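Undergrad: Below: one structure in structure tokens.
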Amino acid sequence: MIPNRAKVDALRKQYPPGTRIKLGHMDDSYPVEPGTGGTVRFIDDIGSLGIEWDNGRSLSLIPGEDTFSIQHMQTLNFYMPMTVRILETDEWGEYLTDDPMPISDQEAVSYADLIREALLKERIPEEAERGLMLYHRENDSVKAKVQSFQFDVNVREGKLWGVAECVLREPLNAVEMDSLINEIIGQASDGLGESFEQRDLKTADGNIINASLWDSDKTWTIQTEQERFSPSELPEVCLSTLPSTGEIICIKRDESGYYPSEWETGNAEKNRKIVDYHNQRRGITPAQEEAMVGRSLFGWNTPAADPSCYEKRV
């Protein structure tokens, strides 16, 4: 039965282009796999939903025959300290130094609007839907679950922070979370962030500032908004090594067991260095790591979960 114009119009209002859906069941000889996500691109004149499926297919959905649900997007923000440097000029417009000099947190905050405006100008039309996820090379679950991420700035607790604003189609497991974090770090250090920090931003008083999302200094960390500003005892996710083999594992808070990590090298000593480096970048202490291992193995409501148990032994 072909729906009337009023019903088609109602469907177009209910499922506008860009709506994310998840397939339940498709009545077709060669159906898309149940559970596959997709994006509505159009609704034709007979009420079929034109879908761009995450697996690359483009088979339409027929309401009333096929079952599906709307995927409600989730937001996940990661915060990282920003470094701002300045080239000051004298009354004749000559630079006072050859190299930009770091400025205080209070001074950096005063340039938040200028830096935000410059970051927004870095965005290009091709990134409108996926943001910097457009450049994620692997056709994996992270690409399927993360709709987009973009960089912005925010002022919190008297400091200027770089923010990776992530939109998720579905929750991430520990390995996916770790992969997303490394994707963000890559963009902050070698991708957009590398080119952005070379932009000379002219201030109202004629000086030049350069803003960096990433820093090689050991104090630089990347954390979720909750970890940074409303910390619980334990991080969202961390890396560790198995005592028996030295294999790198990935642990997610409140999940039992662990996941193998893509950082595995087959060498226990190298693995330990990798774990220490990445946990340090996430602001994760050795005590927190040990507590995460203990909880994942013995339960999240046991004394093994309390970082203070390990801090006292240090």
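In my numbering, the protein residues as written are 46 to 359. Built from N, CA and C at the ideal position, the CB exists for glycine as well. Computed from a predicted model, the values in this text were never measured in an experiment.
1. On a Cα-Cα basis, can you pick out the residue from Thr64, Leu104, Ile88 that is closest to Tyr75?
2. Which first and last residues belong to the alpha helix (DSSP H) in which Gly238 is found?
3. Confirm, please, whether the CB-CB distance from Ile254 to Tyr156 is below 7 angstroms.
4. Give the straight-line distance between the Cα atoms of Asn324 and Gln268, rounded to the nearest whole angstrom.
5. Should the segment 282-299 be called in touch with the segment 203-216, which here means at least 3 C-beta pairs below 8 angstroms?
6. For the segment 257-321, which segments carrying the beta strand (DSSP E) assignment without a break, of at least 3 residues, lie completely within its bounds, in sequence order?
7. Among Gln119, Trp98, Glu152, which residue has its Cα nearest to the Cα of Glu133?
8. For Pro170, is the classification buried or exposed, using 16 other Cβ atoms within 10 angstroms of its Cβ as the cut-off for buried?
9. Have a look at Arg358 and Arg340 and give me their C-alpha separation to the nearest angstrom.
10. Just checking my contact of Val367 with Ile107 at CB under 8 angstroms: how many whole Å lie between their CB atoms?
11. Just verifying my parser: in three-state terms, what is the DSSP assignment at Asn100?
12. Pop quiz: Glu167 and Leu258 are said to be a contact at Cβ under 8 angstroms. What is the actual Cβ separation, rounded to whole angstroms?
13. Using the beta-carbon count (16 or more within 10 Å), is Pro280 buried or exposed?
14. Would you tell me roughly how many angstroms separate the C-alpha atoms of Ser93 and Arg57, rounded to the nearest one?
15. From this set, Tyr304, Leu217, Arg244, Thr286, which residue's C-alpha is nearest Gly311's C-alpha?
16. Determine the burial state of Glu110: buried for a count of at least 16 other Cβ atoms within 10 Å of its Cβ, exposed for fewer.
17. Whose CA, out of Asp260, Ala55, Asp73, Ala332, lies closest to the CA of Phe241?
18. Go through its chain and collect everything with a Cβ distance to Tyr60's Cβ below 7 angstroms, but skip five positions before and after it.
19. Considering just the uninterrupted stretch of the beta strand (DSSP E) at Pro126, what are its terminal residues?
20. Could you name the residues that DSSP lists as bridge partners for Gln195?
21. Helix, strand or coil for Met337, going by three-state DSSP, please let me know.
22. Would a C-beta distance cut-off of 7 angstroms place Thr266 and Gly328 closer than the cut-off?
23. What's the C-alpha gap between Leu121 and Glu270?
24. Where Val282 and Ala163 are concerned, what is the direct C-alpha to C-alpha distance, given to the nearest angstrom?
25. Assuming Ile229 and Phe194 make a contact with CB atoms under 8 angstroms, what is their CB distance in whole Å?
26. Would the beta-carbon of Lys96 fall within 7 angstroms of that of Gly80?
27. Look at the Cβ atom of Ala13, then the Cβ atom of Ile131, and state whether they are nearer than 7 angstroms.
28. State the CB to CB distance for the pair Asn376 and Tyr124, rounded to an integer number of angstroms; the pair is presumed to be in contact (CB under 8 angstroms).
29. Let's see if you can read the secondary structure: which residues bound the beta strand (DSSP E) around Arg65?
30. Leaving out five residues on either side along the sequence, give the residues of the same chain with a beta carbon under 6 angstroms from the beta carbon of Leu177.
31. As a quick exercise: from Val198, Ile91, Trp308, pick the residue whose alpha carbon is nearest that of Glu221.
32. Give the secondary structure of Asn218 by DSSP, where H, G and I count as helix, E and B as strand, and everything else as coil.
33. Quick one, which of Leu284, Asp235, Asp262, Gln333 has its alpha-carbon nearest Pro276's?
TA: The answer reads as follows:
1. Numbered from its first residue, the sequence shown carries residue 75 at position 30. Tyr75 has its Cα closest to that of Leu104, out of Thr64, Leu104, Ile88.
2. Locating residue 238 in the sequence shown gives position 193, counting from the first residue. Note, Gly238: alpha helix (DSSP H), 237-241.
3. In the sequence shown, residue 156 corresponds to position 111, counting from 1. In the sequence shown, residue 254 corresponds to position 209, counting from 1. The Cβ atoms of Tyr156 and Ile254 lie closer than 7 angstroms to each other.
4. Locating residue 324 in the sequence shown gives position 279, where the first residue counts as 1. Locating residue 268 in the sequence shown gives position 223, where the first residue counts as 1. Taking the straight line joining both Cα atoms gives about 11 angstroms.
5. With a cut-off of 8 angstroms, the segment 203-216 and the segment 282-299 do not count as touching, because too few Cβ pairs lie within range.
6. If we require 3 residues or more, the beta strand (DSSP E) runs fully inside the segment 257-321 come out as 282-286, 293-297.
7. Mapped onto the sequence shown, residue 133 falls at position 88. Out of Gln119, Trp98, Glu152, Glu152 has the C-alpha closest to the C-alpha of Glu133.
8. Position 125 of the sequence shown holds residue 170. Under this definition Pro170 is an exposed residue.
9. By 1-based counting over the sequence shown, the position of residue 358 is 313. By 1-based counting over the sequence shown, the position of residue 340 is 295. Confidence at Arg358 is low in this model, with a pLDDT of 46, below 50, so the placement of that residue should be treated as unreliable; the coordinate-derived value is given next. Straight-line Cα distance between these residues: approximately 18 angstroms.
10. Because residue 367 is not part of the residues shown, which for the chain are 46 to 359, the question remains open.
11. If you number the sequence shown from 1, residue 100 lands on position 55. When secondary structure is reduced to three states using DSSP, Asn100 falls in the coil class, being assigned neither helix nor strand.
12. Here residue 167 refers to the residue found at position 122 of the sequence shown. Here residue 258 refers to the residue found at position 213 of the sequence shown. Between Leu258 and Glu167 the Cβ distance is about 11 angstroms, and since that is not below 8 angstroms, they are no contact.
13. Working through the sequence shown from its first residue, we reach residue 280 at position 235. So Pro280 ends up on the buried side.
14. To locate residue 93, count along the sequence shown from 1; it is residue 48. To locate residue 57, count along the sequence shown from 1; it is residue 12. Distance between the alpha carbons of Ser93 and Arg57: 10 angstroms.
15. As a position in the sequence shown, residue 311 is number 266, starting the count at 1. Taking only the C-alpha atoms, the option nearest Gly311 is Thr286.
16. Position 65 of the sequence shown holds residue 110. Exposed is the call here.
17. As a working mapping, residue 241 is identified with position 196 in the sequence shown. Minimum Cα-Cα distance from Phe241 among the listed residues Asp260, Ala55, Asp73, Ala332 corresponds to Asp260.
18. Locating residue 60 in the sequence shown gives position 15, where the first residue counts as 1. Once the five neighbours on either side are set aside, the close Cβ partners of Tyr60 are Val85, Ile88, Leu94.
19. Translated into positions along the sequence shown, residue 126 becomes position 81. Note, Pro126: beta strand (DSSP E), 119-126.
20. Here residue 195 is taken as the residue at index 150 of the sequence shown, counted from 1. Looking at the DSSP output, Gln195 bridges to Glu210.
21. Position 292 of the sequence shown, counted from the first residue, corresponds to residue 337. In this structure, Met337 counts as helix in the three-state DSSP scheme.
22. If you number the sequence shown from 1, residue 266 lands on position 221. If you number the sequence shown from 1, residue 328 lands on position 283. In this structure, Gly328 lies closer than 7 angstroms to Thr266 by Cβ.
23. Taking the first residue of the sequence shown as 1, we reach residue 121 at position 76. Taking the first residue of the sequence shown as 1, we reach residue 270 at position 225. If you draw a straight line from the Cα of Leu121 to the Cα of Glu270, it comes to about 8 angstroms.
24. The residue you call residue 282 lines up with position 237 of the sequence shown. The residue you call residue 163 lines up with position 118 of the sequence shown. Cα to Cα, the separation comes out at about 32 angstroms.
25. For this step, residue 229 is matched to residue 184 along the sequence shown. For this step, residue 194 is matched to residue 149 along the sequence shown. The pair is a contact, with the Cβ atoms about 7 angstroms apart (cut-off 8 angstroms).
26. Counting from one through the sequence shown, the residue named residue 96 turns up at place 51. Counting from one through the sequence shown, the residue named residue 80 turns up at place 35. Inspection of the sequence shows that residue 96 is occupied by Ile rather than by Lys. No; because the gap between Cβ atoms is not below 7 angstroms, this pair is not in contact.
27. Residue 13 is absent from the structure shown; the chain starts at 46 and stops at 359.
28. Outside the shown range of the chain, which is 46 to 359, sits residue 376, and nothing can be said about it.
29. As a position in the sequence shown, residue 65 is number 20, starting the count at 1. Note, Arg65: beta strand (DSSP E), 65-70.
30. Numbered from 1 along the sequence shown, position 132 holds the residue referred to as residue 177. The beta carbon of Leu177 sits closer than 6 angstroms to the beta carbons of Phe194, Gln232 from its chain, once the five residues preceding and following it are set aside; these are given in chain order.
31. Indexing the sequence shown from 1 puts residue 221 at position 176. Taking only the C-alpha atoms, the option nearest Glu221 is Trp308.
32. In the sequence shown, counting from the first residue as 1, residue 218 sits at position 173. Here Asn218 sits in coil by DSSP.
33. As a first step, residue 276 must be located in the sequence shown, where it is residue number 231. Among Leu284, Asp235, Asp262, Gln333, the Cα nearest to that of Pro276 is on Gln333.
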